[in-house]
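Remarks on the structure that follows.
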Amino acid sequence: MIQALRGMKDIMSPDNSRFVHIIETASRIAKRYGYEYIETPLLEETTLFKRSVGESSDIVGKEMYQFIDKGGHDVCLRPEGTAGVVRAFIQNKLDKRGGTYRFFYHGPMFRYERPQKGRLREFHQFGCESFGEESVYEDFTMILMIKDIFDALGIGYTIKINSLGCPECMPGYRERLVTHLHDIEDGLCEDCQRRISTNPIRVLDCKVESCRTQLQKAPLIVDNLCETCDAEFGRLISLLKSHDIPYELDPKLVRGLDYYTRTAFEFVSSEIGAQSAIAGGGRYNRLVEFLDGKPTPAVGFALGIERIMELAKMPKSEREGLYLGVMEPDAIETVLKIAHKKRQSEKVYTEYRKKSLKAHLKAADRMQARLCAIIGEDELKTGEIWVKDLESKEERRIAVNEFV
1 MIQALRGMKD IMSPDNSRFV HIIETASRIA KRYGYEYIET PLLEETTLFK RSVGESSDIV
61 GKEMYQFIDK GGHDVCLRPE GTAGVVRAFI QNKLDKRGGT YRFFYHGPMF RYERPQKGRL
121 REFHQFGCES FGEESVYEDF TMILMIKDIF DALGIGYTIK INSLGCPECM PGYRERLVTH
181 LHDIEDGLCE DCQRRISTNP IRVLDCKVES CRTQLQKAPL IVDNLCETCD AEFGRLISLL
241 KSHDIPYELD PKLVRGLDYY TRTAFEFVSS EIGAQSAIAG GGRYNRLVEF LDGKPTPAVG
301 FALGIERIME LAKMPKSERE GLYLGVMEPD AIETVLKIAH KKRQSEKVYT EYRKKSLKAH
361 LKAADRMQAR LCAIIGEDEL KTGEIWVKDL ESKEERRIAV NEFV
């Protein structure tokens, strides 16, 4: 028997309803915040991710589904969503038009890593990207939007924030950090030793316990911000406080890529084990420029749908729609005509096979239909249809021409 590849999962009942509910809830809230939907390809040039995510990152170095296609092009399945949206933003020359653009997206991403709870090789994300607005108010509004999404889904969380500085204050901090890392290098894991020369900021985010112990006295970014970055970060904290939004300052929260600047944030949950981050994002003012576009301020986030599947609360199930069935084969064409007309305004389930009334009622109940409508031998003779409201339990016969 052919089975799904390891780390790739079918989304079927009962998870499919929860999956769709998460996407619909997040999309509805994003639209309220002025975001419009964007769809980008699953397959992109590998260069896009090497230049955006970074060749020193684990994603590019270890995890991408990369191959040479039949035309000799180096391509890969997208490991994350931001780079493709930025590529589309530049390709459609929106960077040269000026103004503010806000997009939301959802869909599958691919990373070849060890599958575990909340982490698959094919996984799904919902994300938002905002271009053209440099104000910290945009960063705050994006955090507020994520809060609204998780509140609507009934998911508990803790918000962690940090500032990653800017090209003015980051170089000096980086030098101080590298000096400190060389002093403790022997006590760091192999990955962190490599990162000292490739991407030292990522060392701060290492999950290896021995490294975390060694890094307790490492210099912190928030203590080395320039005057402008410090003021912007202070304004973000003030906004969170004035709106009574609890947060934690996490000075070792990093995104670890050169194009990130200033605000970094994560929403974490203690209910999903080691993989506690359920959403994360930040400001990336340099990424459009890194990909050959006109320098454009930007901020974005992504949330992992599989990460929050077990946490999301489903709304109380309500019956809806119409179940149509027959107890007499000659009634099938009448049922099909009724179904077509009813589908113009409501959900309709149809059963073409002849069944007993009890079997039809059981099937309608399983589908959570509001009405069960059946045509049997008697109804076929009188031109009527038998209808039962499965919520109120009321039964009646109605002329077919009145029912439609």
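Numbering follows my numbering, with no gaps: position 129 of the sequence shown is 129. Note that beta-carbon positions come from the ideal geometry of N, C-alpha and C, so glycine has one too.
Terminal residues of the continuous alpha helix (DSSP H) containing residue i?
i, result
"HIS360", "357-366"
"GLU379", "377-382"
"VAL136", "136-153"
"HIS340", "332-342"
"CYS229", "227-242"
"ASP74", "Unbroken run through ASP74 is the beta strand (DSSP E), 74-77; no alpha helix (DSSP H)."
"ARG32", "15-32"
"GLN214", "209-214"
"GLN193", "190-198"
"GLU328", "From DSSP, GLU328 is part of no alpha helix (DSSP H); its letter is neither H nor E."
"GLU44", "Note, GLU44: premise wrong, no alpha helix (DSSP H); beta strand (DSSP E) at 43-45."
"PRO171", "170-183"
"ILE305", "305-308"
"LEU287", "287-290"
"ARG255", "From DSSP, ARG255 is part of no alpha helix (DSSP H); its letter is neither H nor E."
Can you list, in chain order, the residues of its chain with a C-beta nearer than 8 Å to that of residue i? Leave out the 5 residues immediately preceding and following it.
i, result
"LEU120", "GLY7, MET8, LYS9 and GLU306"
"ARG102", "TYR33, GLY34, TYR35, GLU36, CYS128, GLU129, SER130 and PHE131"
"LYS408", "The requested residue 408 does not occur in the structure, where the chain is confined to residues 1 to 404."
"ILE278", "PHE150, ILE155, TYR157, PHE267, VAL268, SER269, ILE272, LEU303, GLY304, ARG307, ILE308 and LEU311"
"THR82", "SER52, GLY127, GLU129, TYR284, LEU287, GLY300 and ALA302"
Which partner residues does residue i have in the DSSP bridge list?
i, result
"PHE267", "ILE159 and ALA279"
"SER130", "ARG102 and VAL299"
"MET8", "Bridge partners of MET8: none, in fact."
"CYS372", "TYR323 and LYS388"
"ARG396", "VAL387"
"MET419", "Any answer about residue 419 is impossible in this case: the structure gives the chain only from 1 up to 404."
"MET491", "Residue 491 lies beyond the range of the chain shown here (1 to 404); nothing can be said about it."
"GLN421", "Shown here, the chain extends from 1 to 404; a query on residue 421 therefore has no answer."
"GLN116", "ARG119"
"TYR37", "PHE104"
"GLU248", "LYS160"
Please return the same chain residues whose Cβ sits closer than 7 Å to the Cβ of residue i, not counting the five positions on each side in sequence.
i, result
"ARG51", "PHE290 and LEU291"
"GLU405", "Look at the range of the chain in this structure, 1 to 404, and you will see that residue 405 is not part of it."
"ASP95", "PHE89, VAL288, GLY293, LYS294 and THR296"
"PRO329", "LYS354"
"GLU399", "Looking at the sequence shown, residue 399 is not Glu but Ala. So the list reads GLY383 and GLU384, once near-sequence residues are dropped."
"ASP69", "VAL75"
Enumerate in chain order the residues of its own chain whose CB-to-CB distance from residue i is below 6 Å, with the five nearest sequence positions on each side excluded.
i, result
"ASN285", "THR261 and PRO297"
"LYS388", "CYS372 and GLU395"
"GLU122", "MET8, PRO108 and PHE110"
Hey, residue i and residue j are a contact pair by Cβ (cut 8 Å); roughly how many whole angstroms apart?
i, j, result
"VAL409", "TYR157", "A query on residue 409 cannot be resolved here, the shown segment of the chain reaching from 1 to 404 and no further."
"PRO219", "ARG176", "5 Å"
"CYS211", "GLY165", "No, CYS211 and GLY165 are not in contact; Cβ-Cβ is about 22 Å, not under 8 Å."
"ILE196", "VAL178", "6 Å"
Residue range of the beta strand (DSSP E) that residue i falls in?
i, result
"ILE90", "Run containing ILE90: none in the beta strand (DSSP E); it sits in the alpha helix (DSSP H), 82-91."
"LYS411", "Absent from the structure is residue 411, since the part of the chain shown begins at 1 and ends at 404."
Check your understanding: With contact counted as at least three CB pairs below 8 Å, one residue from each stretch, are the region 319-334 and the region 142-162 in contact?
Key -> Because the criterion of three Cβ pairs below 8 Å is not met, the region 319-334 and the region 142-162 do not touch.
Point to revise | Meets three-Cβ-pair contact criterion under 8 Å: the region 243-263 and the region 120-135 | key: The answer is no - the region 120-135 does not touch the region 243-263, with fewer than three Cβ pairs under 8 Å.
Exercise for review: Give a yes or no on contact between the region 360-377 and the region 308-323, applying the rule of three or more CB pairs nearer than 8 Å.
Suggested key: By the Cβ criterion, the region 360-377 is in contact with the region 308-323, since at least three pairs of Cβ atoms, one from each stretch, lie closer than 8 Å.
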